[in-house]
Amino acid sequence: MALREYVAGFFHNHNVMAPFSRFYRAMVLKMNQHEDEATTSGITDGAADEQQNRVIFVNRPQPQKFVNNRISTAKYSVPSFVPLFLFEQFRRYSNCFFLLIALLQQIPDVSPTGRWTTLTPLILILTVSAIKEVVEDFKRHRADDETNRRKVEVLRDGRWQSIRWEKLQVGDICKVVNNQFFPADLVLLASSEPQGISFIETSNLDGETNLKIRQASPDTARLDSVFTLVDFRATVQCEPPNRHLYEFNGMLKEANAKTLPLNLEQMLLRGAMLRNTAWVHALVVYTGHETKLMKNSTKAPLKRSSIDRQTNTHILMLFMILLVLSLLSAGCNELWLSMRTNTDWYSGLDEAQNAHFGFNFLTFLILYNNLIPISLQVTAEIVRFFQAKFIAMDGEMYHEQTDTPALARTSNLNEELGMVRYVFSDKTGTLTCNIMEFRKCSIAEVIYNKPSPNERLEDTLLYQNLNSGHPSAPVITEFLTMLAVCHTVIPEPIDGGINYHAASPDERALVSGAAAWGWAFETRTPTAVTVRARGRSLTFAVLHVLAFTSARKRMSVLVRTPTGEIKLYCKGADSVIYPRLAGGPRAAPYAEATLAHLEHFASEGLRTLVYAVADVPERVYEDWSNMYHKASVAIHDREQKIEEAALLIENNLRLLGATAIEDKLQDGVPEAIAALLKANIHVWVLTGDKQETAINVAHSARLLHSAMPLLLLNEESLDATRESLSRHLTDFGENLRKENEVALVIDGQTLKYAMGCDLKKDFIDLCVSCKVVVCCRVSPIQKAEVVEMVSRATGAVTLAIGDGANDVAMIQRASVGVGISGVEGLQAVCASDYSIAQFRFLVRLLLVHGAWNYSRISKLILYSFYKNICLYVIELWFAIYSAWSGQILFERWTIGFYNVIFTALPPFAIGLFDKICSPEIMLRHPVLYIPSQQGLLFNVRVFWVWAVNALLHSVLLFWLPVLLTSHHVLWSSGKDGGYLVLGNFVYTFVVATVCLKAGLATHSWTWVTHVSIWGSLALWFLFILVYSNLYPVVVIGAVMRGMDRMVFSSLVFWFGLLLVPVATLLPDLVITVVHNSAFKTMTEAVRESEIKKRDPAALLAHPRHSWTYLICYVRGMTTFKSAADARLAVARLAQSSRRPRGCYRTCAACSDAAPPRAPPLSSSCRMDLRSLKRRARACRRRTSSARTTRAGRGRAPELTDAPPCRRRVHDVLLDRRYDVQSKNKYFRHILMNFKYTFF
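Structural data, given as structure tokens:
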């Protein structure tokens, strides 16, 4: 690391060898990016703490060289483009493989396809990728140049000089004026405002538009002119550069003066803007890529989709098959030569036998190498890129109020959106609006509602108690004073009123609530706040602020009141305030009543905070202040030392009361969660709020319902947690790890015990046995641990969605991370893979774009393998036909252009424009998401079905033309063609077949589909026309000279062009039509209804496709013990094309649950399906009236007393019998499906 910094610093600070300097900058940036990506996965910056602290000398030369302030967010520079680009491209196994083949082709007498047929397409694909990279990187370079050329005033030679940002250096003193961005990370020395105050906006850093206050140290606030700055001599010692935006530790030592602590209050970060302040003077401490902004500009952890991983596995399997085929072919070549050498002595085979087996192996390896599609990766990349653009262009996911569209920050996970099984959601700002409104408060055992705008304060109960000398009057006054004082809000006077800028919506709501009661917060200085209470102006000296953190869960302010007393105001969660009360959590005054009020507030879905105060004696304060000062100037472990000091003062508190803030649900959240549940997606809520609040919000969001049992885990020890888990696991019995209509609610303390090594397995077993899980009072790291636990234990695709900085870890740990651009800033968005403005848009993102993209990418990959196997396995058949000679059947350039030109368009049409159903249908019927969620369209079985299908097609595509030309008369003149004529016949038939196969695989035909299919055929015919006439004008393709006339003048060719593709695809066509007629899946049935313009709702209610009654195809299965077993079988076999041998449904008498999940069946409903089928057959034989009408069908006597589910299954068996008994009706149905399959 030190060597890298030295090299980077040397080349950054010297003008010599400028091109190499840019190269090294790019290489260093690239290495840093890889290191930062590793840190985002959970590795901390512990190594940075071990580095030497940075020492900066003010107004003196720096003994140490630092990087300059020039930044580069581009991936490449001119010298580094080629090596870095090639490094990125050849990290892919497929590109390495084709490069190896291209190198092997350069060996003389080895390649049957020529030297350039693989290298040329590879270069073409790399060129397309390079153009894409250059275009994207050019935009980055242009943005970098614009930033680096901005101007800032710097103190040089005793005067202000305007220089470019890129010339700024560590140790410079600069002047930034109002509405300008800070050019580097700076330490505030002085400002135009009294006492060194400045206001900044950090929207570029974290998305928060609220103004934040920064205050210079009182000892440096005097540096407000050039003369004082020139004479200023000091040394600054601070921590090494790091990526923590909200942490800074340092100290400033002025000559003959005391050491001053430096912290975040003095930090002005690059990217932030100065607001409402005329100017500031600041010292540069971090520049360029060492600023916190640039440290945080790393990409999110690299994530790969499930389909990508499966594709790599299939490629490796095909590679093994390729090796085996090459070895077998080389062996057969040797065997054939050995058998024919003596008999065919005149052919010179004894000379050919001298060829080495290894050379033959390489020949066949090159011949068969295109079994692996060379264009697959680049095609998939381009398709995913445009799919991401479609997400961003979707107007239905555009939020007009905030002018926020959906955004795909990565395109690698588009298809993963269609496979999500678990959604982990934050509550505040994600399910709710995060727009807080003060509703009520509890003071001294009395609940007070916020006064309405038209209500006189004197008429309220609170003012009546204040004015009547009620015993609680002093407590009310103290409580409202604390509301107005204990915060970090910044007031901004506007139009005769005050606009409050707060770091969180809670703070703003609380201060506004105090103002509504007549305690208005008016002004803030670095050392005091002013409150107007009932007409009187009160100024409180702010001694210390102990800030809120997610770990502390509380905030405290030490103030000196107007009467001279020192008081500690402390507010926070009840779980941290109550243990610090004087006399204990239960013995403190008002404790029991306030706790009951808190539960009441939480039951209404309100957010609660508890307020307490402590009187601090002067001597105690002085001793503690000295201790706090030592902690605040520490460079290492400053936060821990400050926390230890805070613990000493935050005790012996006196309870005042509590507040309740309302955070309303976002529009459409209940409907969105209902849709997700119908799509078989598990929704978990992970929140830091109280348990009662979380449960109430879950009820409001329709995640919980009144009939759902709740399992509450609120344990206080490891042993109690172990006992509770064991008890619940025993209660589930045989239904363990099967989804049940039960909700689990657990708090953060119990979760800490349950996530221990010895209990983790039991805990995950309990979680997956419940339909809903709600985790309360959890920390950000616990959220991430829960997501990671479920991902590893279930292997399912997980999605985490949140809006705040505390959701970043969870978002990055999930398979897919979604950020909501909310009130709390853009940190979650910056860490996410996809961003939306409202939770309700998640439904469209998953059920429409996710399902579409999964289907599209699946078909694209399967089709790419299919078309390659179709063509290149023909070389194997020709090897058999040509005595394993290794001769190619096709002209070499047609082999190379097959993937990149002649069959390149259909994959794009499928990958970009194919649709399962319309968006309206997908949203109206969320169950259509289940096939993609279960991975039914792309798995090992489906892949090999396509591969075998391609293998069979290759057999027909080669041997049928061989049969057509076997009479050796291709033209009316009686002439015969050579092997190359046969090759062009076969090649044309292959192109036609694979293009038409794309049409069979397409669900929705558009004009793009027609262009891709018929345009590809036209391209081939145009190519053969041109290519056949190039020689001798262009010295290429001599063997193809006149081939167009030879091929197009043959009647055999035109007859074969009609016969071979039709004969090849006819079995596929018949299977497709029969399947769509008799064995159609739910998705196919809905799509057919949409084409016929019928409402699919009635169809989905039909027993054959009903998820309410859970029909299951049960070939080979005899018994289901629970509905969970039936549901699992449905998920696995819903897409099966085999005719069912039995049906199984749960009925309303057995379950009141909504689809697609149901609780276990009663023991009376367990049945043997085969036995039931035999009873049904007997019933049909005994019931003659059943053959006439559906209404007249009898029911077997032995089933009359059976549970409803048995009777319904019996009816279904009868329905299946009579649905296919009428042959005329059945075949009419098949013929109609021809129409709806192709038109």
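In this note's numbering, the protein residues as written are 1 to 1239.
All C-beta atoms, glycine included, are put in the ideal place defined by N, C-alpha and C.
Residue range Y979 to A1001 is occupied by the alpha helix (DSSP H) that includes G999, with no beta strand (DSSP E) assigned at that position. Distances from the alpha-carbon of H1010 to those of L100, A998 and S504 put A998 closest.
Exclusion of the five residues before and after S129 leaves Q89 and V378 as the residues of its chain whose Cβ lies within less than 7 Å of its Cβ.
Taken in chain order, the unbroken stretches of alpha helix (DSSP H) that lie wholly in the stretch 1007-1094 and span 4 residues or more are 1007-1027, 1043-1048, 1051-1078 and 1082-1091. Straight-line measurement puts the Cα of T1064 at about 11 Å from the Cα of L1058. Residue environment for H636: exposed (fewer than 16 other C-beta atoms within 10 angstroms of its C-beta). Between A837 and T404, the CB-CB gap stays under 9 Å.
Per DSSP, the unbroken beta strand (DSSP E) holding V280 starts and ends at W279 to Y286. Residue pairing by DSSP puts H544 in a beta bridge opposite L558. Sequence-distant partners of T147 (beyond 5 residues in either direction) whose C-beta falls short of 8 Å from its own C-beta, in its chain, are I71 and W165. Following the DSSP letters along the chain, one finds K771 in no alpha helix (DSSP H) but inside the beta strand (DSSP E) bounded by residues C770 to C776. Within the stretch 785-872, complete alpha helix (DSSP H) segments of at least 4 residues are found at 808-813, 827-831, 841-844 and 851-872, given in chain order. Between E734 and Y422, the alpha-carbon positions lie close to 23 Å from each other. In the three-state reduction of the DSSP assignment, S717 falls in the coil class. In the assembly as shown, F138 is an exposed residue. Its beta-carbon has fewer than 16 other beta-carbons within 10 Å. In the same chain as G817, and ignoring 5 residues on each side of it, the C-beta atoms closer than 6 Å to its own belong to A800, I811, S832 and D833, in chain order.
In this structure, DSSP gives P61 a state outside helix and strand, which the three-state scheme calls coil. Judged by DSSP in its simplified three-state form, E290 adopts helix. In terms of Cβ geometry, T903 and K867 form a close pair [threshold 9 Å]. In the three-state scheme derived from DSSP, where H, G and I count as helix and E and B as strand, W519 is classed as strand. Judged by DSSP in its simplified three-state form, H705 adopts coil rather than helix or strand. The three-state secondary structure of E381, taken from DSSP, is helix. Distance check between D719 and each of L711, A698, T750 and Q691 places T750 closest, using alpha-carbon atoms only. By the criterion of a C-beta distance shorter than 6 Å, K783 is surrounded in its chain by L686 and M810, once the five residues flanking it on both sides are discounted. The alpha carbon of V669 has as its nearest neighbour, out of L676, A701 and I649, the alpha carbon of A701.
Per DSSP, the unbroken alpha helix (DSSP H) holding Q933 starts and ends at I930 to Q933. Using a 10 angstroms sphere on the CB of A707, the tally of other CB atoms stays under 16, which defines it as exposed. Shown here for P183: same chain residues with a beta carbon closer than 6 Å to its own, the five before and five after excluded, namely V152, W165 and L168 in chain order. Assignment of S306 by DSSP, reduced to helix, strand and coil, places it in the helix class. Taking 9 Å as the cut-off, the Cβ atoms of D185 and L268 count as close.
A1038 and V134 have their C-alpha atoms spaced approximately 37 Å apart.
Residue pairing by DSSP places A533 opposite W519 and R536 in a beta bridge. In the DSSP assignment, no residue is bridged to P505.
Contact holds between the stretch 252-263 and the stretch 212-231, because three or more Cβ pairs, one in each stretch, are under 8 Å apart.
In the structure shown, G158 falls within a coil segment according to DSSP collapsed to helix, strand and coil.
For P218, the three-state secondary structure derived from DSSP is coil.
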